[in-house]
Amino acid sequence: MADTAVYLKDYQPFPYCVDQVELTFRLQPEATRVMARLHLHANPARPGVNDLRLDGEELRLLSVTIGGRAIAATPDARGLTIAAADLPEGPFVLETEVEIAPARNTALEGLYMSNGMYCTQCEAEGFRKITYYPDRPDVMARFRVRIEGDLPVLLSNGNPLGAGPGWAEWDDPWPKPAYLFALVAGHLIAHSDQITTRSGRQVALNIWVRPGDEDRCAWGMESLKRSMRWDEEVYGREYDLDVFNIVAVDDFNMGAMENKGLNIFNSKCVLATPETMTDDEFARIESIVAHEYFHNWTGNRITCRDWFQLCLKEGLTVFRDQQFSGDLRGHAVKRIEDVLALRARQFREDQGPLAHPVRPDSFVEINNFYTATVYEKGAEIIGMLKRLVGEDGYRRALDLYFDRHDGQAATIEDWLAVFQDATGRDLTQFSRWYFEAGTPRVQVAEDWQPDLAGGTFTLTLRQDNPPTPGQPDKGAKVIPVAVGLLNPNGDEVLGTTILELTEAEQSFRFEGLGARPVASVLRGFSAPVVLDHPVSPETRAFLLAHDTDPFNRWEAGRSLAKEVLAEMVVTGAAVSRPWLDGVARLATDDTLDPAFRALALRLPSEDDLAATLAAAGHVPDPAAIHAARRRMGDALAAALGAELAALRAAMTVSGPFSAEAGPAGRRALANACLALQTRLDGGEAARAAFAAATNMTDRLAALVALIDIGAGAEALAAFEAEWKADRLVMDKWFMVQVVHAPPAELAATVEQLTARADFNMDNPNRFRAVFGAVSANHAGFHHADGAAYRLLADWLLRLDGRNPQTAARMSTAFETWRRYDAGRQALIRAELSRMAATPGLSRDLSEMTARMLG
Ligand code: 0A1
Ligand code: ZN
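Residue numbers 339 to 1192, in this note's numbering, belong to the letters of the sequence shown in order.
Structure follows, in C-alpha cells:
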C-alpha cells in the first residue's frame, strides 16, 4: 500500500490551541473564496519549540499572514507548515485566504454542490478541503461564520447573528472540532416548528428542503420533537442553542451528519409521505433523526480525542437511538430487527478479512472505519455494560460521563473509567471487547442429574475467540449470558438470570428442579456472540411455542429454519414438519403482536445461510441455497394455504395512514402473507393489492411479490409511469429489479438499468440502489460465470475516480469471498487484484482491496 498508516500509539496533543475561528465565505461555484482568522496560542500540554502544521488538501492558497504580516509558506499536497521561527511568542492571529471549486467536487467531502445548493460534509477529514486548519477532533474552537452569496438561505452552525440581502452571520458559542462545521446555501424552504425545553429555552426548529418537498417534512419534524423530549426524560439532556436546523440534500455519501445545530441529511433519510415511503423507511427516518439529535450530547458536547475513538460517540449514540426506538415501537420487535442487522452486517464483517476491533489501532483512510463494527458492535458493548452494572449503575455512570467530560475530547479509557468510578466494577477484562476483533463463539452443554439435590441441571459454557487479522491469540472475554429455564409445561422455573462467563469454560448449576427443564439461553441476545447450543428440533419447536422471552422465541424459529435449510441444501431433505407447524401456529396466533408474527414468517437470508454453512465446514453453493430457500417459501405458503387470505383480511388497517408501530406491524404481517399467497395464486392477489394500494408500503410489497414470481413487468411499468419524476421513489424501482432479478439475468438487468438516462452515478443513492442491490442478490452476485463480480468491479473503478468514499464502502460486497469454492474465489481474487493494481486508485479503495486480499 502506497499510503502510510496512522497509529493510535503515536497520538500526541496538538501543539497549539485554537480559541476562536472567524470564517468568511464568498460563494461562487467554480471559485469560492474562504478567508480564515485563527486565534491561536501554544498548548501547555505540548511544551517545546513546535512548528505549526495545518492540514489542507485541494486548496489554492492565496495568502498567509501572522499578526497582519505576510508569511512565505509553501503548501504540500496535504497541508502547510509554518516554521516555529515565524511564530511570535504568546497568542497570535493567523489569517489565510484560499480558493476552492465546490461545483467540481464530486467526492462530496468538504464544500460541494448538489442541485444548485451549496453544502458541506466535514466528518471525518473534510474540513481540510475548505481551509487550512488543524483538522483533528481534539482541537476544539468557537466558530463565527460570515457567508456571502447570491442565495436566499445561508446557514451555518450555532445561533444567527444577523443577515441581509446576500449575507448572513452565525455564531456558535460551543467549542467544537472542525468535523462538526457546516455551511448550507441555496433556494430552500423551511418546514418550521418550535419547542420549549424543560428549562424554558425556546428553540426554533426548521427542516430546510428544495421547493416541492415541503410537504414531506412532517414525520421528520415529529421525530425530532420526540427525540428532544426523550433525551430530556431519559438522559436528562437538554438542547443548548436557540435554533435547530436540519437540511435535506440529495447527494450525500452517508445517511446524515450531526453538525452542531445544523444537521445535514441525505434526503432519503428525512423526507417522507405515506405515498412515497414505506413503513420501514418511516421507522428508519425516526431513528436517524434521533441519532443525529442525540449526537448533540454524545459526539458534540463530548467528542472524540482522535478518530480511533470513533466508537465513543457512535456506539453510544446508536445504543441511545436503539433505546429510543424500542421505547416508541416495542422492545421485542426492535431487538429482533437490530440483531438481524447486526448479524447481516457486523458478524459478516467480523468473520472476514475486514475484521477490526471496535477501537482500531491503525488505519490508512479513516472513512473506511465507519463500519458496522464501530457502530453496531460498539452499541452492543454498551448494552452488555448496562446488563452488567444494572439500570441504576448505568444511569450513574452516564451522569458522571456528562459531568466529567462535557466540553472535552475523550477516549474509551475515559468512558470505561466513569463506569468503574460510578459502579466500583473493575472493567479491565471487559475492555477486551473494545480492543479485540472477532465474534466469540459460545458452546453450551447441558447435564441433568435427577437424583442430585432434588434434580440438578448444569449448563457448561465454553467460549472461543477466533483469530482475526493481526490478532492471532485472544484471552477470554466477559460475556453476560442471560438464561431462563422452563418446565415441560412451558412455565418459567427460573426467570431471566445473567450468567457471567469470564473464563474459557465455566459451569452453572441449578438445583431442586424436580423435572428436567428446557433452557432458554442468550435471552434478548444478551451478548454479540455466535451461540452453539445443540438441541433437538423438538426442543426448538417447544421454545418457539413457549419461550417467555420474545427474542428467544423468535430465535428458536430462526435456528430451526436455518438447520432445516442447511439440511435441505446439503442432503436435499424435505422441509421439516416441526418448523412448518411451529411457524404457522405462531403466524396465526392472534394473541401475538402482528409485527412479531411477520418477523417469524421471514426466512433466513441466503447470505446468512451461506455464512452458517461455511462456519459448519461446508462450501456454500449459492444456486443450491437459492433453490432450497424458494422451496422452503413454497412449503410455508402451502402449509398456510387458505389462512393467508384470511390473515390478510384480518390485518386490514382502516382510517388515515399512520406510520406508528401498531398499523405498520399489521401491514407487515399482511404483506408477508401476500408474498406467500403469490407463490400459490400466480399473482392474482398481488395484482389486486398493487392496484388498490394507497401507500408505498403496500404498493412496493405487491410489486416485489410479483417480480419474485417473474410476473412484475406490468406493475413495474405502471410504477415507473407514476413515479418517474420522483428521485427517491425511483431509487426503489431500480433497487427491487436488481435484488429480485433471476440469478442468471442479474448482469443483463444491471446493464440495462445503468444505460438509462436517469441512472446518474454521481448520485450515491442511485448508485447504491443498483450496486448495493447487486450483492444483495446473493445467487445472482455469485453466479458461477462471474459476470456480476466483473460488472461490480468495473463500476467501482469508474466511481472511484469521482467518489472514492462510496466506492470503498461498496467494495465490501467482496468481503466474504473466502467462503466460496475455488472457482469463485479465483474469479473474485482476480477482480480484487485488478482493482488493487489500477493506477491512480484512491487511498480509500486501495486500503480496502489490500485488506480483503490480505
Ligand atoms: N457521524 C455521522 C455519519 C457520517 C460519517 C461520515 C460521513 O462522511 C464521511 C458522513 C456521515 C453519523 O453517525 O450519523
Ligand atoms: Zn452517528
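Each residue gets a CB set at the ideal place from its N, CA and C atoms; glycine is no exception. No experiment lies behind these values; they were computed from the predicted model shown.
Practice problem: With a threshold of 7 angstroms, establish whether the CB of E630 neighbours any heavy atom of the ligand FAD. | Solution: Questions concerning the ligand FAD fall outside what the structure shown contains, since the ligands it does hold are the ligand 0A1 and the ligand ZN.
Quiz item: Do E596 and the ligand ZN come close, with the Cβ less than 7 angstroms from some heavy atom?
Solution: Yes, the ligand ZN has a heavy atom inside 7 angstroms of this Cβ.
Quiz prompt | Same chain, Cβ closer than 7 angstroms to G300, five either side skipped, listed in chain order | solution = One cannot answer for residue 300 here, as it falls past the ends of the chain, which runs 339 to 1192.
Quiz item: Under the rule that 16 or more other beta-carbon atoms within 10 Å means buried, what is R643, buried or exposed?
Solution: R643 counts as buried, since no fewer than 16 other beta carbons sit within 10 angstroms of its beta carbon.
Practice problem: Specify the secondary structure class of D870 as computed by DSSP and reduced to three states. | Solution: Residue state for D870 is assigned as strand, using DSSP reduced to three classes.
Exercise. Please list, in chain order, all residues of the same chain as P513 whose beta carbon is under 8 angstroms from its beta carbon, the five residues on each side excluded.
Key: Non-local beta-carbon contacts of P513 in its own chain, meaning distances under 8 angstroms to residues more than five positions away in sequence, involve M478, A479, R480, G745 in chain order.
Quiz item: Do P875 and P916 have their CB atoms nearer than 8 angstroms?
Solution: Yes, these two residues count as a Cβ contact at 8 angstroms.
Quiz item: If you measure from each residue's Cβ to the nearest non-hydrogen atom of the ligand ZN, which ones come out under 5 angstroms, in chain order?
Solution: Residues with a Cβ closer than 5 angstroms to any heavy atom of the ligand ZN, in chain order: E652, T655.
Exercise. Kindly indicate which residue of L799, K815, H743 has the alpha-carbon position closest to the one of M722.
Key: K815 is the residue among L799, K815, H743 whose C-alpha sits nearest the C-alpha of M722.
Quiz item: Taking C-beta to C-beta, are V372 and I438 nearer than 8 angstroms?
Solution: The answer is yes: Cβ separation under 8 angstroms.
Self-check item: DSSP-derived helix/strand/coil call for Q1075
Solution: Helix, per DSSP.
Exercise. Just the C-alpha distance for R1196 and G637, rounded to the nearest angstrom, thanks.
Key: Look at the range of the chain in this structure, 339 to 1192, and you will see that residue 1196 is not part of it.
Quiz prompt | Host alpha helix (DSSP H) of H956 (start-end) | solution = That residue, H956, is in no alpha helix (DSSP H); it is neither H nor E in DSSP.
Exercise. Pull up the CB-CB distance for A693 and P807, whole angstroms please, since I reckon it's below 8 angstroms.
Key: Indeed they touch by this definition, with Cβ atoms about 6 angstroms apart.
Quiz item: In this structure, what does DSSP give as the bridge partners for W505?
Solution: Its beta-bridge partners are E486, G502.
Self-check item: Residue closest to A775, alpha-carbon to alpha-carbon, out of V712, A1024, T1154
Solution: Ranking the options by Cα distance to A775, first place goes to V712.
Practice problem: Would you kindly check if the distance between the Cβ of H377 and the Cβ of D348 is under 8 angstroms? | Solution: No. Outside cutoff.
Exercise. Classify T990 as buried or exposed, calling it buried when 16 or more other Cβ atoms lie within 10 Å of its own Cβ.
Key: Under this definition T990 is an exposed residue.
Quiz item: Counting contacts by CB-CB distance shorter than 8 angstroms, is N1103 in contact with chain C?
Solution: Annotation note: the requested chain C is absent from the structure, which comprises a single protein chain.
Quiz prompt | Backbone CA spacing between G405 and V431 [nearest angstrom] | solution = Taking the straight line from one Cα to the other gives about 5 angstroms.
Exercise. Give me the Cβ distance between A332 and G1161, rounded to the nearest whole Å; I'm assuming they're in contact under 8 angstroms.
Key: The structure shown does not extend to residue 332, since the chain spans only 339 to 1192, so no value can be given for it.
Exercise. Inspect the CB distances between the region 351–368 and the region 441–452 and report whether three or more fall short of 8 angstroms.
Key: Segments in contact, yes.
Practice problem: To the nearest angstrom, report how far apart P385 and P351 are at their CA atoms. | Solution: Going by C-alpha positions, P385 is about 10 angstroms away from P351.
Quiz item: Cα separation between A1063 and A1039?
Solution: Cα-Cα distance, rounded: 21 angstroms.
Quiz item: Straight-line CA distance for W568 to I623?
Solution: CA-to-CA, the gap between W568 and I623 works out to about 16 angstroms.
Self-check item: Cβ pair V1108, F1072 closer than 8 angstroms
Solution: Yes, they are a contact pair.
Self-check item: Backbone CA spacing between D737 and K598 [nearest angstrom]
Solution: Rounded to whole angstroms, D737 to K598 spans 22 angstroms at the Cα level.
Exercise. Note down the Cα distance separating V908 from R1017, rounded to an integer number of angstroms.
Key: In this structure, the alpha-carbon of V908 lies about 24 angstroms from that of R1017.
Quiz item: Roughly how many angstroms separate the alpha carbons of S1184 and E687, rounded to a whole number?
Solution: The straight-line gap from Cα to Cα measures roughly 18 angstroms.
Exercise. Please classify G979: is it buried, with 16 or more other beta-carbons within 10 angstroms of its beta-carbon, or exposed?
Key: Exposed.
Quiz item: Going by Cα to Cα distance, which pick from V831, V873, L832, Q801 is closest to S845?
Solution: Ranked by how close their Cα comes to the Cα of S845, the residues V831, V873, L832, Q801 have Q801 in first place.
Quiz item: What number of angstroms, rounded off, separates the C-alpha of E570 from the C-alpha of H629?
Solution: When the Cα atoms are used, E570 and H629 turn out to be separated by approximately 14 angstroms.
Quiz item: Taking just the CA atoms, how far does D931 sit from A925?
Solution: Taking C-alpha positions only, A925 is separated from D931 by approximately 10 angstroms.
Self-check item: Close beta carbons around M339, own chain, < 8 angstroms, minus the five adjacent residues each side
Solution: Any reading at M339 needs caution, since the residue's pLDDT is 44, under 50, leaving its predicted position unreliable; the model's value is listed next. Once the five neighbours on either side are set aside, the close Cβ partners of M339 are V702, S1184, E1185, A1188.
Quiz item: Can you name the start and end residues of the alpha helix (DSSP H) that S625 belongs to?
Solution: Counting along the chain, S625 sits inside the alpha helix (DSSP H) bounded by residues 617–632.
Quiz prompt | Simplified DSSP assignment, three categories, for C555 | solution = Correct three-state label for C555: coil.
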